[in-house]
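Order-wise, the sequence lines are chains A and B. Here this note's numbering is used: the first residue of the first sequence is 1, the next is one more, and so on. Here this note's numbering is used: the first residue of the second sequence is 1001, the next is one more, and so on. Structure record follows, encoded as structure tokens.
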Amino acid sequence: MRTAFLAALFELAKHDERIMFITGDLGYTVVEPFMNELPKQFLNAGVAEQNMTGMAVGLALSGKIVFTYSIANFPTLRCLEHIRNDVCYHHANVKIVAVGGGFAYGAMGASHHATEELGIMRLLPGITVMAPGDPVEAVHATRAVVEQSGPFYLRLGKAGEPTVHQGDIDFKIGRAIQLRDGKDITLISTGSLLHTAVNVTEQLAAQGISSRLLSMHTLKPLDNDAILSAARQTRAIVTLEEHSILGGLGGAVAEVLAEADEVHVPFRRIGLPPVFSPHIGSQSYMLEKHELDAASLVKTIGKFLAKAN
Amino acid sequence: MNILMDLPLSELAFRIRRHCVVMANRANSSHIGSSLSIADILAVLYGRILQVDPSQPAWADRDRFILSKGHACAALYAVLAERGFYPTSNLDTYYQDGTKFAGHTMHNIPGVEFSAGSLGHGLPVATGMALAAKRDGKAYRIFCMLSDGECDEGSVWESALFAPHHKLDDLIVIIDYNKIQSLGRVEEVIDLKPLAEKWRSFGWATSEINGHDFGEIEESLSKLPHEPGRPSCVIAHTIKGKGVSYMEDKLLWHYRAPRGQDFEIAMAELENNK
């Protein structure tokens, strides 16, 4: 996903000199083409995320389209107030990009577990929050955030996420993408759990459970219509996210369902408990430990449906 | 475009101070001492130095001024009104219900570049503006005024490291070194001395001036950059509450508003000393 993003941005930047890419001293072996071929549009801010974010605003207020780039929680939580007061309050044309959402850096330890930032970013006024589900969505998201002025947060995976979408997709900010349809349950997924979610729907189908699958690549603004349609047209809803169940996709969908008229659909947030993970390990290990692997999810959803029905 | 005011600097500084005292009195607001300490510098900046155009506040090639110590906004609002960005009657709404003129700088006010309030935010933004100007080959300058207490913020030093490395010589920091911060004297809270040496060692062409001497302020801000290829830092030694005898160098007037007899004395002193 990281590679797809960088390649897409590099192509866009070649044709639009307003685009600037600022890294917080990260991206070894992947940012070099940008650095070498577009030096006027590239900047290494050093290990200084507050200054990086403030400078992005100064550049944006001078007419640039600015991307700030780092990993895990560094471009978001480390400089949070600079995002709130400087980026958001000034409606600056700044796109904050974090590589390594969720447990992509699971073995690096808790400092590198980006598991609350979607919820935190979602709370800030005036910012659009996106977590594309695969490299295809990441490319579309990159183009979309360049086209639309204003603050964005883009959570990306790392490298090697499988491509889920075969062929082109109809990608619009704030609109969920439906990957399959069914009546028994809707799975709403955000970020790089998407390929796991596809796997889950296939296993559920083998058990005779038909499911709708939505990729909710934009957490804010949320696609309320897609959620309410799912609530009316399918018998249950679960959200899937590599993130705390507080404040992220699950929280956001719960808010919509709780306030909707005449909607009484069994609903379950599936994600991470709001505690520091006691585990350390690769992303797949971490997901398994937190029962976010396909086999565990099929079990969890099966139990949920049995209880709900 | 050269847009300078004909007003004597002493008259402009007097008007800024008078507005500040009236505004603080009406609003019962804090930070009068912080506003008075920068009045003379703002008079020189807006009266002699900054290339700005009140008829087109967003003029692309204007000089930028960011008041990072946003709590001293009364002085900035006042000088912008005197400079013609909006009627001085707008100042009557400062800090009142429904106003645009909040107790910290607001960027939706003509002439105000940036909404500050939390310290340590202005210099990174000014640095980004200076980088944009340099990469785009623009001639405008970016001035950023910090408070001394603000230099406790780590983000200030992130920018202080960055700007000289990138040779941003159109960036000018002015430090209002009035030696008093929120809970005490700077040297008692976190001593900044030797402040000039710190900025010099980071690579800034640094000068020290009396921030209440129009000649020194104007000379310093007319010789920019202080050295080609380096950002400039002007450390202005000032007096908190300057111009009202009972406020001068007193922490109390970081917070208290001049009311009743205090107000009458302040107005009379400003008038007598102009």
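Ideal placement from N, C-alpha and C gives every residue a C-beta, glycine not left out.
Check the Cβ of Tyr89(A) against every Cβ in chain B and list those closer than 9 Å, keeping chain order. Below the 9 Å Cβ cutoff, chain B contributes His1107 and Ser1115 as neighbours of Tyr89(A), in chain order.
Helix, strand or coil: which one does DSSP assign to Ile1049(B)? Residue state, collapsed to three classes: helix.
Buried/exposed call for Ser1035(B), threshold 16 Cβ in 10 Å: Burial call: buried.
Can you tell me the Cα-Cα spacing of Ala107(A) and Gly1154(B), whole angstroms? Their backbone Cα atoms lie some 29 Å apart in a straight line.
Quick check on the burial criterion: 16 or more other C-beta atoms within 10 angstroms. Buried or exposed for Val129(A)? Per the 10 Å Cβ criterion, buried.
For Ala311(A), which of Thr190(A), Leu123(A), Ala104(A) and Leu9(A) has the nearest alpha-carbon? No answer is possible for residue 311(A): it lies beyond the span of chain A, which begins at 1 and ends at 309.
Partner residues on chain B for Lys40(A), Cβ-Cβ distance less than 8 Å: Counting only Cβ-Cβ distances below 8 Å, Lys40(A) has contacts in chain B at Arg1135, in chain order.
Smallest Cα separation from Gly1203(B): which of Asp1136(B), Asn1273(B), Leu1195(B) and Ala1160(B)? Nearest to Gly1203(B) by alpha-carbon distance, out of Asp1136(B), Asn1273(B), Leu1195(B) and Ala1160(B), is Ala1160(B).
Neighbour list for Ser1159(B) in chain A, Cβ cutoff strictly below 9 Å: Within 9 Å Cβ-Cβ: Ala48, Gln50, Asn51, Gly54 and Met55.
Near Leu222(A), which residues of its chain fall below 7 Å by C-beta distance, leaving aside the five closest residues on each side in sequence? Excluding positions up to five away in sequence, the list reads Ala252 and Val256.
CB-CB under 8 Å to Met53(A), same chain, minus the five flanking residues each way: which ones, in chain order? Residue identity differs from the one stated: residue 53(A) is Thr in this sequence, not Met. Listed in chain order, the non-local C-beta contacts of Thr53(A) below 8 Å within the same chain comprise Thr68, Pro75, Cys79, His82, Ile83, Asp86, Val87, Val94 and Ile96, local neighbours out to five positions each way being set aside.
Same chain, Cβ closer than 8 Å to Asn1002(B), five either side skipped, listed in chain order: Bear in mind that the predicted position of Asn1002(B) carries a pLDDT of just 45, short of 50, making it unreliable; the figure below should be weighed with that in mind. Within the same chain, Asn1002(B) has close Cβ partners Gln1051.
If distances are taken between C-alpha atoms only, which option among Asp25(A), Gly247(A) and Asp261(A) comes closest to Leu228(A)? Nearest C-alpha to Leu228(A): Asp261(A).
Short of 8 Å in beta carbon distance, which residues of its chain neighbour Asp170(A), apart from the five on each side in sequence? Order them along the chain. Excluding its 5 nearest sequence neighbours in each direction, Asp170(A) has C-beta neighbours in its own chain below 8 Å: Ile177, listed in chain order.
What does Leu1131(B) reach in chain A if we use C-beta pairs closer than 8 Å? Leu43, Met55, Gly58 and Leu59, listed in chain order.
Using 7 Å as the threshold, is the C-beta distance between Ile71(A) and Gly100(A) below it? Contact check for Ile71(A) against Gly100(A) passes: the beta carbons are separated by less than 7 Å.
Chain B within 7 Å of Glu81(A), Cβ atoms only: At least one chain B Cβ lies under 7 Å of Glu81(A).
Please say whether Arg180(A) and Leu213(A) have beta carbons closer to each other than 7 Å? Yes.
Distance between Ile127(A) and Leu1131(B) (C-alpha atoms, nearest Å): For Leu1131(B) and Ile127(A), the distance between alpha carbons rounds to 24 Å.
Check whether the stretch 1030 to 1045 of chain B and the stretch 1062 to 1075 of chain B touch, using three or more Cβ-Cβ pairs below 8 Å as the test. Yes, they touch.
Just to confirm my understanding: we take Thr1206(B), look at its own chain, exclude 5 residues before and 5 after, and list those with CB closer than 7 Å. What are they? In the same chain as Thr1206(B), and ignoring 5 residues on each side of it, the C-beta atoms closer than 7 Å to its own belong to Ala1196, Trp1199, Arg1200, Cys1233 and Ile1235, in chain order.
Under 8 Å: do the stretch 36 to 51 of chain A and the stretch 1074 to 1094 of chain B share three or more Cβ pairs, one atom per stretch? Three or more beta-carbon pairs separated by less than 8 Å are not found between the stretch 36 to 51 of chain A and the stretch 1074 to 1094 of chain B, which leaves the two stretches without contact.
Thinking C-beta only, is Gly281(A) closer than 7 Å to Gly250(A)? Going by C-beta atoms, Gly250(A) is not nearer than 7 Å to Gly281(A).
Could you tell me whether any Cβ in chain B is nearer than 7 Å to the Cβ of Asp86(A)? Yes, contact with chain B.
Indicate whether Gly182(A) and Ser149(A) have their beta-carbon atoms separated by less than 7 Å. No, the pair does not count as a contact, with Cβ atoms beyond the cut-off.
Same chain, Cβ closer than 7 Å to Pro33(A), five either side skipped, listed in chain order: Closer than 7 Å at Cβ, skipping near neighbours: Phe10.
Going by Cα to Cα distance, which pick from Gln1096(B), Lys1167(B), Asp1006(B) and Ile1038(B) is closest to Asn981(B)? Chain B is shown from 1001 up to 1274; residue 981(B) falls before or after that span and cannot be answered.
To the nearest whole angstrom, what separates the beta carbons of Pro132(A) and His217(A), a pair I think is in contact under 8 Å? Right, their Cβ atoms sit about 5 Å apart.
One question on the structure: do Glu1031(B) and Leu1091(B) come within less than 7 Å of each other, judged by their Cβ atoms? For the sequence presented, residue 1031(B) should be read as His rather than Glu. Contact flag unset, no.
Same chain only: Cβ atoms within 8 Å of Val263(A), ignoring 5 sequence neighbours per side: Around Val263(A), the same chain offers Leu228, Ala231, Arg232 and Leu257 as residues with beta carbons nearer than 8 Å, after the five sequence neighbours per side are excluded.
Using a Cβ cut-off of 8 Å, pull out every chain B residue sitting near Ser62(A), in sequence order please. Taking the beta carbon of Ser62(A) as reference, the chain B residues within 8 Å of it are Gly1128, Met1129, Ala1132, Ala1133 and Asp1136, listed in sequence order.
Look at the Cβ atom of Thr239(A), then the Cβ atom of Ile188(A), and state whether they are nearer than 7 Å. Cβ distance < 7 Å, so Thr239(A) and Ile188(A) count as in contact.
Since Gln178(A) sits in a beta bridge, which residues does DSSP pair it with? DSSP, once it has assigned bridges, lists Leu214(A) as partnering Gln178(A).
Selection of the stretch 1161 to 1176 of chain B by Cβ proximity to chain A, strictly under 9 Å: Along the stretch 1161 to 1176 of chain B, going in chain order, the ones with a CB nearer than 9 Å to a CB of chain A are Leu1161, Phe1162, His1165 and His1166.
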